[in-house]
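*Asks:* The following block contains the structure, expressed as structure tokens.
Residue numbers (the working numbering): 33 to 191.
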């Protein structure tokens, strides 16, 4: 029969006994889950969810208030899509997204630390005065998070 004739031959580029090769989309989703875990390890929460839109494979968000981009998603071809700080829609590889995401996220935390310091200086009529304990702890927390994110980015560069 026809079935016997196909036994042992590759069908659609795979051998039934072989593990199928991961698609670009699958690789991106796997790398995104790794990114989520790395960020969770430093205390930053990132969520990956099902997208409401048919032209997106997944959506990415954070329940916190520090997120460098809007409308982040994974596209069916495995690329990342997001709206940047200039409200321009971007479509790039996961590697480009990850590099820029780390850069922008670290900058957001650094800006928050600087903003707290500026606000305190304004209250003190621009005279140098040490930050009180509570704002000083906030600033230190923002600086630690920025440093941790930059550390993750550096680890990625070294791989």
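Beta carbons are placed, not taken as given, at the ideal position from N, Cα and C, and that holds for glycine.
Just so we're clear, the structure is a prediction, and the values are computed from it rather than from any experiment.
Measure from the alpha carbon of residue 107 to the alpha carbon of each residue in 129, 98 and 188, then state which is nearest.
*Replies:* Residue 129 is the option with its Cα nearest to residue 107.
*Asks:* Out of curiosity, what's the CA-to-CA distance linking residue 185 and residue 163?
*Replies:* So the two alpha carbons sit approximately 30 Å from each other.
*Asks:* If you run the structure through DSSP and keep just helix, strand and coil, what is residue 89?
*Replies:* It is coil, neither helix nor strand.
*Asks:* Thinking C-beta only, is residue 105 closer than 7 Å to residue 132?
*Replies:* Not a contact, by the Cβ cut-off of 7 Å.
*Asks:* So what does DSSP say about residue 220, is it helix, strand or coil?
*Replies:* Because the chain here runs from 33 to 191, residue 220 falls outside it and cannot be looked at.
*Asks:* Output the boundary residues of the alpha helix (DSSP H) element that contains residue 128.
*Replies:* 126 to 155 is the span of the alpha helix (DSSP H), which, as asked, contains residue 128.
*Asks:* Classify residue 177 as buried or exposed, calling it buried when 16 or more other Cβ atoms lie within 10 Å of its own Cβ.
*Replies:* Residue 177 comes out buried.
*Asks:* I need the straight-line Cα distance from residue 55 to residue 188, nearest angstrom please.
*Replies:* Going by the C-alpha atoms only, they are around 22 Å apart.
*Asks:* Measuring only the C-alpha atoms, how far is residue 119 from residue 100?
*Replies:* Roughly 11 Å separates the two Cα atoms.
*Asks:* Got a sec? Which residues, its chain only, sit under 8 Å from residue 141 by beta carbon, not counting five neighbours each side?
*Replies:* Excluding positions up to five away in sequence, the list reads 98, 174, 175, 177, 178 and 181.
*Asks:* Are residue 63 and residue 126 touching if we call contact CB-CB under 7 Å?
*Replies:* In contact: residue 63 and residue 126 (Cβ atoms closer than 7 Å).
*Asks:* Quick check on this structure: which residue in 77, 136, 103 and 94 has the alpha carbon closest to the alpha carbon of residue 85?
*Replies:* Measuring from the Cα of residue 85, the nearest candidate turns out to be 103.
*Asks:* Locate the beta strand (DSSP E) running through residue 79, then write down its first and last residues.
*Replies:* Residue 79 -> beta strand (DSSP E) spans 79 to 81.
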